[in-house]
Amino acid sequence: MRVAVAGANGSTGRALVDRALSAGHQVTALVRRSDGLPEHPGLRIGLLDVTSDHDRAAALLEGHDAVISTLGNALFYRSGPAPKFLAAAHRTLVAAAQRAGVPRVATMLAYGSAATTAPAPPIIRLLAGTLLRRDFRDLAGADAALAESGLAWTVVHFGALTDGEHTGAWQLSTDLRRPARYRIARADVADALLTVVSRPGYEQRRAVVSGAPR
1 MRVAVAGANG STGRALVDRA LSAGHQVTAL VRRSDGLPEH PGLRIGLLDV
51 TSDHDRAAAL LEGHDAVIST LGNALFYRSG PAPKFLAAAH RTLVAAAQRA
101 GVPRVATMLA YGSAATTAPA PPIIRLLAGT LLRRDFRDLA GADAALAESG
151 LAWTVVHFGA LTDGEHTGAW QLSTDLRRPA RYRIARADVA DALLTVVSRP
201 GYEQRRAVVS GAPR
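Have a look at this one:
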């Protein structure tokens, strides 16, 4: 499978690139900078600004089977609140996938955002409507970009990400209830993302990934 990964030099993105290459997939890393990525014959680097380089994004996606976003917003910079770009980035990715004929699109969004706000714990709903209102609005925009695309999209919702080792014991559910185990290794989220684009049954659906049992 040929897979494009947006945000490939972030922590979860690197985990996804490693998992995909280990599984024998051909990977294109969609990044602003190439630092942090390994040298590998199966890896191609595609430099772009995913919020605005629409034509370049479409060109880079030609011939791919799937595009996966591991992009995420920072909450704050030292100078103040960080800009929110996920909705714009996902609109670019969706438009590029449509133009390039890429059938599968997947992304990871924090649990409690978009369709998972209603079943989320009260504290998450409170934060979504107050302190993190801009963040959750942006996450909802990213979700809408996929849901309105007409593509075979999947949104994977995660809880608290850790840098723990890959376990392979994660669980994926489409009922959108709170993750049974909230903490989950980034490498396991990467596995889940690869699963939803490579197996049938997750098209045009949202899912919640739970971490490995202790």
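UniProt numbering applies: residue 1 is where the sequence shown begins, and numbers increase by one.
Glycine included, every Cβ here is placed at the ideal spot set by N, Cα and C.
{"query": "So, does the segment 153-170 touch the segment 191-211, judging by three or more C-beta pairs under 8 Å?", "result": "yes"}
{"query": "So the alpha helix (DSSP H) V189 belongs to, where does it begin and stop?", "result": "R186 to S198"}
{"query": "Can you tell which of A6, R181 and A23 has its C-alpha closest to the C-alpha of S195?", "result": "Looking at the sequence shown, residue 195 is not Ser but Thr. Closest by alpha carbon: A23."}
{"query": "Count Cβ pairs between the segment 100-115 and the segment 31-41 that sit closer than 8 Å; are there 3 or more?", "result": "no"}
{"query": "Using DSSP with H/G/I as helix, E/B as strand and the rest coil, what is V5?", "result": "strand"}
{"query": "Taking A87 as the reference, which of R181, Q98, N73 and A97 has the closest Cα?", "result": "N73"}
{"query": "Keeping to the same chain, check which residues put their C-beta closer than 6 Å to that of G46; ignore five residues upstream and five downstream.", "result": "T28, L30 and L60"}
{"query": "With H, G and I counted as helix, E and B as strand and the rest as coil, what does DSSP make of Q171?", "result": "strand"}
{"query": "Roughly how many angstroms separate the alpha carbons of R177 and T117, rounded to a whole number?", "result": "10 Å"}
{"query": "Identify which residue in H90, G13, Y111 and L151 has its Cα closest to the Cα of D65.", "result": "L151"}
{"query": "With a cut-off of 8 Å on the beta carbons, I'd call T162 and R183 a contact; round off their distance for me.", "result": "6 Å"}
{"query": "Give the range of the alpha helix (DSSP H) segment to which G150 is assigned.", "result": "First-last for G150: undefined, no H or E at that position."}
{"query": "Can you tell me which of the three DSSP states H157 falls into?", "result": "strand"}
{"query": "Considering only DSSP beta bridges, list what G46 is partnered with.", "result": "L30"}
{"query": "Assign P179 to one of two classes, buried (16 or more other C-beta atoms within 10 Å of its C-beta) or exposed (fewer than that).", "result": "buried"}
{"query": "Nearest by alpha-carbon distance to E39: which of A185, V17, L127 and V94 is it?", "result": "V17"}
{"query": "Just checking, does the segment 89-100 make contact with the segment 50-58 on the three C-beta pairs under 8 Å criterion?", "result": "yes"}
{"query": "What does S210 pair with, by DSSP beta-bridge criteria?", "result": "Q171"}
{"query": "Assuming residue 215 and H157 make a contact with CB atoms under 8 Å, what is their CB distance in whole Å?", "result": "Absent from the structure is residue 215, since the part of the chain shown begins at 1 and ends at 214."}
{"query": "Could you check how far apart the C-beta atoms of V50 and A89 are, in whole angstroms? I think they sit under 8 Å.", "result": "5 Å"}
{"query": "Could you check the C-alpha separation between R199 and F85 for me, to the nearest Å?", "result": "29 Å"}
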